[in-house]
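*Asks:*
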Amino acid sequence: MSETNVQRRIVRPAELDLDSPGRRDYWVALEHDSIWGDHLLPLTVWVGQEAVADRGLVAFGANHGNEYEGPVALKKLMQEIKIENVVGRIIFIPVLNPPAFRAGTRESSLDDGVNLNRAFVDGAGTTPALSGITHRIAAFVRQYIWPRVHVVIDLHSGGDVARFSLCASFHPVDDPVLSKTIEETARWFGTPSLMVYQNATPGLLPSEAERLGKITVGTELGWGRAVNLEGVRYARHGVLAAAIHHEQLLGTIEPIGHHQAGTQQKLETVDRACYCVAPFDGHFEPLIDCGAAVKQGDVVGLLHDFDHIDMPAWEVRAQVDGVILAQAWAAPVPRGQHIVVVGRVTP
Numbered sequence: 106m107s108e109t110n111v112q113r114r115i116v117r118p119a120e121l122d123l124d125s126p127g128r129r130d131y132w133v134a135l136e137h138d139s140i141w142g143d144h145l146l147p148l149t150v151w152v153g154q155e156a157v158a159d160r161g162l163v164a165f166g167a168n169h170g171n172e173y174e175g176p177v178a179l180k181k182l183m184q185e186i187k188i189e190n191v192v193g194r195i196i197f198i199p200v201l202n203p204p205a206f207r208a209g210t211r212e213s214s215l216d217d218g219v220n221l222n223r224a225f226v227d228g229a230g231t232t233p234a235l236s237g238i239t240h241r242i243a244a245f246v247r248q249y250i251w252p253r254v255h256v257v258i259d260l261h262s263g264g265d266v267a268r269f270s271l272c273a274s275f276h277p278v279d280d281p282v283l284s285k286t287i288e289e290t291a292r293w294f295g296t297p298s299l300m301v302y303q304n305a306t307p308g309l310l311p312s313e314a315e316r317l318g319k320i321t322v323g324t325e326l327g328w329g330r331a332v333n334l335e336g337v338r339y340a341r342h343g344v345l346a347a348a349i350h351h352e353q354l355l356g357t358i359e360p361i362g363h364h365q366a367g368t369q370q371k372l373e374t375v376d377r378a379c380y381c382v383a384p385f386d387g388h389f390e391p392l393i394d395c396g397a398a399v400k401q402g403d404v405v406g407l408l409h410d411f412d413h414i415d416m417p418a419w420e421v422r423a424q425v426d427g428v429i430l431a432q433a434w435a436a437p438v439p440r441g442q443h444i445v446v447v448g449r450v451t452p
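Here my numbering is used: the first residue of the sequence shown is 106, the next is one more, and so on.
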């Protein structure tokens with residue numbers, strides 16, 4: 106059987122073989138909450154002859170269901186990676202959140218309405234109050250994936266929420282060796298920006314992976330429920346580079362994009378001053394593009410109130426010196442949304 110003409114087996118999680126040498130392609134069946142059936146997660150695993158029990162790389166796409174660069178890039182790589190070049194363990198789950206992906210929404214809107222990237226909380230999938238499909242996906246990752254990998258790639262985009270300066274992302278971590286390794290892994294994506302962001306949001310997949318000591322990199326590679334050409338290129342390259350540099354895949358690889366050019370900017374958004382919050386429901390008009398440098402006090406956008414048509418627009422001002430890392434993608438924004446994010450430039 107060729108690797109471009111695979112036959113996927115439908116299995117329960119306990120039937121997965123993530124350890125024997127070879128390539129295997131699965132649909133992982135998790136019980137559906139309403140119909141008589143299952144949600145099916147696509148999972149492909151390559152295991153080389155030198156695989157170690159608790160080491161490997163996992164790459165996730167579609168943690169959110171309306172972010173597509175990750176699924177596209179991983180689907181392409183599934184046709185490219187040959188088992189004879191795999192020395193360790195590589196696991197791809199191109200669509201981690203099938204309920205949200207089928208709905209084309211950030212959350213599992215047709216099922217339990219939960220955001221998977223907020224679902225990695227205590228009791229997820231194991232207590233009655235947290236037993237819906239989204240929390241059970243988190244429980245599956247915890248039980249079957251975390252014990253077998255030490256590198257975690259979580260491929261995101263802005264969806265309907267935000268437009269980004271394309272970036273690889275990570276949190277500050279206390280271990281200096283792990284911190285350096287994470288940043289080096291992130292740089293190989295080649296993106297214009299590296300985002301070092303706040304770690305206060307509960308239930309994030311990458312936060313849990315970092316707490317477990319794993320080399321963890323996220324991304325924001327597009328927006329608007331579209332497929333960004335450069336975003337797919339960066340995703341593919343970053344995953345391949347991580348697999349090669351962390352000794353799961355044979356090969357050599359050269360830097361691309363802003364990594365190659367030495368023009369990447371490391372942008373920190375770890376404090377509240379980096380976030381401009383909408384004080385009322387309105388329509389956002391950007392005045393400065395993502396990636397542009399700004400000074401504290403600069404007007405970077407306008408928030409219009411069309412229920413009070415004669416009222417002047419509210420000026421959205423940068424609260425810190427830095428670079429526009431992200432801003433609202435959809436014009437309508439609810440009160441409280443972060444409509445502009447300014448990252449502080451760090452060495």
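Virtual Cβ for every residue (Gly too), placed ideally from N, Cα, C.
Please report the distance separating the alpha-carbon of Ala156 from that of Leu162.
*Replies:* Using only the alpha carbons, I get a separation of about 11 Å.
*Asks:* Just mark Thr368 as buried or exposed, buried being the case when its beta carbon has 16 or more other beta carbons within 10 Å.
*Replies:* When all chains shown are included, Thr368 counts as exposed.
*Asks:* Would Ile358 pass as a contact of Ala346 if the rule is Cβ separation under 7 Å?
*Replies:* Their beta carbons are under 7 Å apart, which means Ile358 touches Ala346 by this criterion.
*Asks:* Going straight from the alpha carbon of Glu185 to that of Asp403, what length do you get?
*Replies:* Using only the alpha carbons, I get a separation of about 47 Å.
*Asks:* With a 10 Å radius around its C-beta and 16 neighbouring C-beta atoms as the bar for buried, classify Gln453 as buried or exposed.
*Replies:* What the structure shows of the chain is the stretch from 106 to 452, and residue 453 is not part of that stretch, so it cannot be assessed.
*Asks:* So Ala383 and Val438 are in contact, right, with Cβ under 8 Å, and what is the actual spacing, rounded?
*Replies:* Indeed they touch by this definition, with Cβ atoms about 5 Å apart.
*Asks:* When DSSP builds the beta bridges, which residues end up paired with Ile320?
*Replies:* BP columns for Ile320 point to Val256.
*Asks:* Spatial neighbours of Gly323 within its chain, please: CB distance less than 6 Å, with the 5 preceding and 5 following residues excluded, ordered by chain position.
*Replies:* So the list reads Asp259, His261, Ser274 and Pro311, once near-sequence residues are dropped.
*Asks:* Can you tell me which of Pro391, Ala366, Leu408 and Lys400 puts its alpha carbon nearest to the alpha carbon of Arg292?
*Replies:* Considering only alpha carbons, the answer is Ala366.
*Asks:* What residue from Pro126, Glu189, Gly230 and Arg128 has the CA that sits closest to Leu135's CA?
*Replies:* If we check each option's Cα against that of Leu135, Gly230 comes out closest.
*Asks:* Do you know offhand how far Phe385's Cα is from Val405's?
*Replies:* So the two alpha carbons sit approximately 17 Å from each other.
*Asks:* Specify the secondary structure class of Trp132 as computed by DSSP and reduced to three states.
*Replies:* It is a strand residue.
*Asks:* Name the one or two DSSP bridge partners that Arg449 has.
*Replies:* Per DSSP, Glu373.
*Asks:* Counting pairs of beta carbons, one from the stretch 197-212 and one from the stretch 167-187, are three or more of them closer than 8 Å?
*Replies:* Because the criterion of three Cβ pairs below 8 Å is met, the stretch 197-212 and the stretch 167-187 touch.
*Asks:* Pair every Cβ in the stretch 237-246 with every Cβ in the stretch 215-224, then say whether three or more of these pairs are closer than 8 Å.
*Replies:* Yes: at least three Cβ pairs fall under 8 Å.
*Asks:* If the criterion is Cβ atoms closer than 7 Å, does the pair Gly295 and His342 meet it?
*Replies:* Yes, the Cβ-Cβ distance between Gly295 and His342 is below 7 Å.
*Asks:* Does the separation of the CB atoms of Gln401 and Ala431 fall below 7 Å?
*Replies:* Cβ atoms of Gln401 and Ala431: not closer than 7 Å.
*Asks:* Do Arg253 and Cys395 have their C-beta atoms closer together than 7 Å?
*Replies:* The answer is no: Cβ separation not under 7 Å.
*Asks:* Using the rule of at least 16 other Cβ atoms within 10 Å of the residue's Cβ for burial, across every protein chain shown, is Phe165 buried or exposed?
*Replies:* The residue is buried, with at least 16 neighbouring Cβ atoms inside 10 Å.
*Asks:* Could you tell me the distance, in whole angstroms, from the CA atom of Asp415 to the CA atom of Ile361?
*Replies:* If I take the Cα positions, the gap works out to 49 Å.
*Asks:* From the DSSP output, which residues share a beta bridge with Trp293?
*Replies:* None, per the DSSP bridge assignment.
*Asks:* Return helix, strand or coil for His388, following the three-state DSSP convention.
*Replies:* His388: strand per DSSP, three-state reduction.
*Asks:* Just curious, the beta strand (DSSP E) that Arg440 is in, first and last residue?
*Replies:* Here Arg440 belongs to no beta strand (DSSP E), and DSSP marks it neither H nor E.
*Asks:* Val191 to Ile198, Cα distance in whole Å?
*Replies:* Each residue's alpha carbon lies about 17 Å from the other.
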